[in-house]
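Shown next, in structure tokens, is the structure this report addresses.
Number of protein chains: 4
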Amino acid sequence: MRFFSDNAAAVHPAVFTAMAEADRLDTAYDGDAWSKRLDAAFGALFGREVSVLWVTTGTAANCLALAGLVPPYGGILCHREAHIQVDEAGAPEFFTGGAKLLLVDGPGAKLTVDALEDVRSRIRADVHQVQANALSITNATEYGLVYTAGETAALGGWAKSHGLGFHLDGARFANAVASTGASPAALTCDAGVDALSFGFVKNGGLSAEALVLFDPELADGIKRRRKRSGHLLSKGRYLAAQLLAMIEGEIWLANARAANAAARRLADAAGERLVFPVEANEVFLKVSAAEAAALRAKGFDFYDWGVGEARLVTSWNQDMDAVEALARAIEAL
Amino acid sequence: MRFFSDNAAAVHPAVFTAMAEADRLDTAYDGDAWSKRLDAAFGALFGREVSVLWVTTGTAANCLALAGLVPPYGGILCHREAHIQVDEAGAPEFFTGGAKLLLVDGPGAKLTVDALEDVRSRIRADVHQVQANALSITNATEYGLVYTAGETAALGGWAKSHGLGFHLDGARFANAVASTGASPAALTCDAGVDALSFGFVKNGGLSAEALVLFDPELADGIKRRRKRSGHLLSKGRYLAAQLLAMIEGEIWLANARAANAAARRLADAAGERLVFPVEANEVFLKVSAAEAAALRAKGFDFYDWGVGEARLVTSWNQDMDAVEALARAIEAL
Amino acid sequence: MRFFSDNAAAVHPAVFTAMAEADRLDTAYDGDAWSKRLDAAFGALFGREVSVLWVTTGTAANCLALAGLVPPYGGILCHREAHIQVDEAGAPEFFTGGAKLLLVDGPGAKLTVDALEDVRSRIRADVHQVQANALSITNATEYGLVYTAGETAALGGWAKSHGLGFHLDGARFANAVASTGASPAALTCDAGVDALSFGFVKNGGLSAEALVLFDPELADGIKRRRKRSGHLLSKGRYLAAQLLAMIEGEIWLANARAANAAARRLADAAGERLVFPVEANEVFLKVSAAEAAALRAKGFDFYDWGVGEARLVTSWNQDMDAVEALARAIEAL
Amino acid sequence: MRFFSDNAAAVHPAVFTAMAEADRLDTAYDGDAWSKRLDAAFGALFGREVSVLWVTTGTAANCLALAGLVPPYGGILCHREAHIQVDEAGAPEFFTGGAKLLLVDGPGAKLTVDALEDVRSRIRADVHQVQANALSITNATEYGLVYTAGETAALGGWAKSHGLGFHLDGARFANAVASTGASPAALTCDAGVDALSFGFVKNGGLSAEALVLFDPELADGIKRRRKRSGHLLSKGRYLAAQLLAMIEGEIWLANARAANAAARRLADAAGERLVFPVEANEVFLKVSAAEAAALRAKGFDFYDWGVGEARLVTSWNQDMDAVEALARAIEAL
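Respectively, the protein sequence lines represent chains A, B, C and D. With the numbering used here applied, the first sequence covers 48 to 380. With the numbering used here applied, the second sequence covers 48 to 380. With the numbering used here applied, the third sequence covers 48 to 380. With the numbering used here applied, the fourth sequence covers 48 to 380.
Next comes the structure, spelled out in structure tokens:
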């Protein structure tokens, strides 16, 4: 019974069905009928004109966006524990041509205007220091917290007031939408987000993520960078079909709700053990080594997270019997 | 009846079957059971130990290999019409950190030792000129010619004598194997090739290409570069499964033979019109504008290739009735 | 008696004098009194507002300019024998983050609108091919030819009509001004040039070149790139003082005239042997191996330039007795 | 009376004299007689074979060294307040092709094995995290502390045990030698340092720093990178002559001793106000805003360093009357 991560779960059947339907000759790259429907499909979801590119990884989505938002000599404000800083092997530096991540602290990997302003205001405007050119946040955060629409808008307003681009790493954006009840637009474009990495792979997809550009001027350069970084697949229709299946059938939202609900059950069981409030599909709890061993002895797999903590992640298709069993096992500790 | 390219054809059913079989929880990235079988499966095919990475595009395979073979200040000898020079949007420069493609001429996008030596020997060894650090060839070439085992070995020997790494862009490597009758090893590692971009997408695959490293020392750095360039998919098992299906069922060879046979039929029809000998699955023929229009009027689609020439490409599942019809239409011109 | 190159000659005394005058404490980097005078001094020379940065090499000037004019995924049209292509060790690729040089032919390393348009028009506008984003020419060219004001304006007009930035490598710009009699502005900003690498080191300077930006929007980014590439010297006043000495005393023009005159004497002697017209301070002449040896036996040093050709370059302080002796030796061949 | 920085002081007369002696035609770049003497001159100083390159800035020296020591996907352990992190505008990222600085804490910008090991040991060895490939320290540090030979050797031993390259930013290396009394070799190559940025500009030089490579295998690549980054001046003899003048006349050591002595006088005056021990030529002291204003009212200029602190830097030619006056003014606060 695995609670390691949502990034290795099986694929939603509708995704395979959609790929099978796309299995006929069409124009290569993104010239096919499915790829051409993406802008409209996502435009309907966000209630405005958008430009959407399929890519195969969140890292590619994040870093293509960042490369579009900052010059090579620029800087990107992000949390010290952001995925782009910690777990992407220097991909932001690679895609941007050497821009610098400017690290900001905050509990639960969540940023505030105050924390950002504290870092930004210390940067001298001279040519010796890397300037801040963009802000990147993750919603839900790496610790499963969510930014509300209001919190995002506050960050977006601050970013704009300093001329910063605004990127949202939405590897678990669906979980954030499900959690907050806010509209996709309220959490992004209405709040000043310029580019969204809209994750599907952690949420039942196979190999397609969506890079959603709210600023149409970004599209041409980022499309060229996509090709240049080897991310323009020739049979792109199979990626576009995945995204359309997830969006048009509202599977993205149903899946996220299911994963969140499973995490909620575990959170309720964990009670005082919780390290952070559980707002999406990740549960961090305090367990001693002996307790962790006891859970594993019952067949539950998960990551240790530093000393005395464990991380549990629930997936879109998490077996609810296993969740229930784990919840009881936690309660019984 | 489309003869545009082999890169947009439908996917072989075995590929989908293999993906469906991989559709269960496993370790993420390349830690799953399928990915772990790749080295052995390709090792059996090449008769030696190899390190194999799945990637989703030939551009990624090519440029990851090149980044492993040359320093950022280095140079790569390739044909002036090589895909890496003409159609990859500067991806080699991006992945290598700005290495330079050193262009060499030759009919049919095919290189010879003499042509290479002519370019190499003109480069001053001083620090003002970019030195040649690697050789990259394409087999089958961009014009559908093939390098035999002997020709490849001659190039490899020359490359080694000058300390150059040797990369083979095998977007249509299967077609070259099918055409020459040589073993995969004879066309690669036995001939001195260090890294092979082994293409499957043009040959019935969906989204998985194999980067085959014959020099095991290249693997660690290239695996880090794969992650860093956003090419490490979390659900890698679906890519590995595609490759295994193609290799273990010998589908790769059967598909290439089918595509080559279709091209052969067209070549026989074209006769004197051929611009190049047809050795794989591409046919370049001389046609006037009126003749091209006549073919299109009969329902045949293809690329114009400069003035007075057309390119026809056959796929693994090309409808043989359409091929026959096109052959007759060409004969009737 | 050396006719190798103008890039190793001694330094004009006024340059040393100016450096000695700058030898007192002032603000570091480019905050000193000398550096602050550069914009005005060059502005007077060009008759318009300009932004001027000192750098220590022509390579730095060229490549900082190019990095400001093209995105990393962009392309730069230049001559196949341009210094940036042949003799800068891949510096354009390094500074731009991997942009591609798009090579154009033409006798004497000189470009024409027709030759440029021929290359540009063959580039497909799709994302697979690197687009042309800038034009870079060299005046005087690598073979000592000059572009007149009219020729430059024609190129500039064409560049603007295609949205291209326009860079002029003026390693021997002074020689071009001296040769054409045109004003500095007529050969640059009036003709659409956005950025000029104004060379002084080949013309009697020590270690300071001027990067002159006619588009003020380029300045901020390029100043940051200058620092980032290690080209912002802390004692910049000694560089600024060099440039001011050359400009304010019109030494730059007097020196160029002297070098051109020396080349003119050699050209007159060479007569039919000339490979190209001599329009600046470089003389290419046809000489057999025996003839070259004969000249060297008389104490004249110079470069062989391919088979059967020799390159003679005259400097600002070329000894006129040596020039006369060489002229007679050539006549006597 | 300026105590801002040592990087804007006037130039030692011997430097100008040496440049004047170099003012005659010689081979360009680093082929001249002066440049060719560098390896031997520095080799004598360090008591072993070295390869020495002149460059014009410490940033260039630092970042060329780092580019030689780490791959683009690598990491460099350094102090959070190191010059390469804080004040070089992202130059390390630019020169290395996007390597990451891995930040370590410690009082006075000084690193210890424990602090380094704490950071290094937290890095997972997988492909998702940037690995540590090199260590870079600054001696004297950004706060004027020095590493002794023993401390440096401890760091070097640790670095080697983990396969890390070892770079020393010696912008004020002369001050560290003067302070510790250790030999140049004891503070570098004997302690495992692979590459030293040996600063002269802050110590009476004009525009030449020395990059000293103790590992001869680094030289070829770094020389190519020097050209490629625009740092190979054509009249290199004027740079080499500067370095030779400083080294061969032992001016470097005399100047550093003078600057250190001036700082010592200020340190003695500061007493309890000192933020850090004064071991080189920088003095950080606690002063209230009113006290700082009082000092400035007496004609002393210096940097505020955060709230309630001031930085005083002494130069090789600091006027000792001014030093004495400042010392008394501090004592009188």
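Here a beta-carbon is modelled for each residue, glycine too, at the ideal position from N, C-alpha and C.
Simplified DSSP state of residue i, which is helix, strand or coil
i         : result
B/Phe-50  : coil
C/Thr-425 : Absent from the structure is residue 425 of chain C, since the part of chain C shown begins at 48 and ends at 380.
D/Leu-148 : strand
C/Phe-347 : coil
A/Lys-333 : strand
D/Val-62  : helix
D/Arg-358 : strand
A/Asn-180 : strand
A/Phe-381 : In the structure displayed, chain A extends from 48 to 380; residue 381 of chain A sits before or after that span and is not available.
D/Gly-252 : coil
B/Asp-237 : helix
Nearest candidate by alpha-carbon position, reference residue i, set the options
i         : options                                    : result
A/Lys-157 : A/Leu-202, A/Gln-178, A/Asp-134            : A/Leu-202
D/Glu-264 : D/Asn-222, D/Phe-220, D/Ala-112, D/Glu-356 : D/Ala-112
C/Pro-154 : C/Thr-143, C/Tyr-190, C/Gln-178            : C/Tyr-190
B/Ala-114 : B/Asp-267, B/Gly-94, B/Phe-331, B/Arg-311  : B/Asp-267
C/Ala-206 : C/Val-240, C/Ala-88, C/Pro-139             : C/Val-240
A/Ser-168 : A/Asp-134, A/Glu-128, A/His-209, A/Ser-362 : A/His-209
C/Cys-125 : C/Glu-164, C/Phe-349, C/Phe-89             : C/Glu-164
C/Thr-143 : D/Tyr-120, D/Gly-277, D/Leu-116            : D/Gly-277
B/Ala-196 : B/Phe-323, B/Trp-101, B/Ala-257, B/Thr-227 : B/Thr-227
C/Gly-346 : C/Ala-61, C/Gly-217, C/Ala-376             : C/Ala-376
C/Glu-179 : C/Gly-122, C/Ala-303, C/Thr-188            : The question names Glu, yet the displayed sequence has Ala at residue 179 of chain C. Here the closest residue by C-alpha is C/Gly-122.
D/Lys-333 : D/Asp-351, D/Thr-199, D/Asn-186, D/Arg-320 : D/Arg-320
C/Gly-90  : C/Val-370, C/Leu-286, C/Leu-260, C/Ala-306 : C/Leu-260
D/Ala-340 : D/Asn-328, D/Ala-162, D/Glu-326, D/Gly-355 : D/Gly-355
D/Ile-131 : A/Asp-152, A/Leu-116, A/His-175, A/Asp-161 : A/His-175
C/Trp-299 : C/Arg-219, C/Phe-63, C/Pro-119             : C/Arg-219
Near the ligand FAD: residue i beta-carbon under 7 Å from a heavy atom
i         : result
B/Ala-376 : Absence of the ligand FAD from the depicted structure is noted, as is the absence of any ligand whatsoever, leaving it without description.
Residue range of the unbroken beta strand (DSSP E) whose run includes residue i
i         : result
B/His-214 : 212-217
D/Ser-98  : 98-102
D/Val-166 : Looking at the DSSP string, D/Val-166 is not in any beta strand (DSSP E); the run it does join, the alpha helix (DSSP H), is 160-168.
B/Ala-257 : 256-260
D/Phe-323 : Element bounds for D/Phe-323: n/a, residue is neither H nor E.
Boundaries of the alpha helix (DSSP H) in which residue i is found, first to last residue
i         : result
B/Ile-123 : No alpha helix (DSSP H) contains B/Ile-123, which is instead part of the beta strand (DSSP E) from 122-126.
C/Arg-375 : 367-378
A/Phe-142 : 138-143
C/Arg-304 : 298-317
D/Glu-295 : 284-295
B/Ser-208 : 196-208
D/Phe-116 : Per the sequence shown, residue 116 of chain D should be read as Leu rather than Phe. Run containing D/Leu-116: 105-116, per the alpha helix (DSSP H) assignment.
A/Val-224 : 220-227
D/Ala-266 : 266-275
D/Ser-82  : 80-93
Test item: CB-CB of residue i and residue j under 8 Å
i         : j         : result
D/Ala-129 : D/Ser-183 : yes
B/Tyr-76  : B/Gly-283 : yes
B/Gly-212 : C/Gly-145 : no
A/Ser-281 : B/Ala-55  : yes
C/Glu-140 : B/Glu-140 : yes
C/Arg-312 : C/Val-370 : yes
C/Ala-287 : C/Trp-81  : yes
C/Gln-289 : C/Met-48  : no
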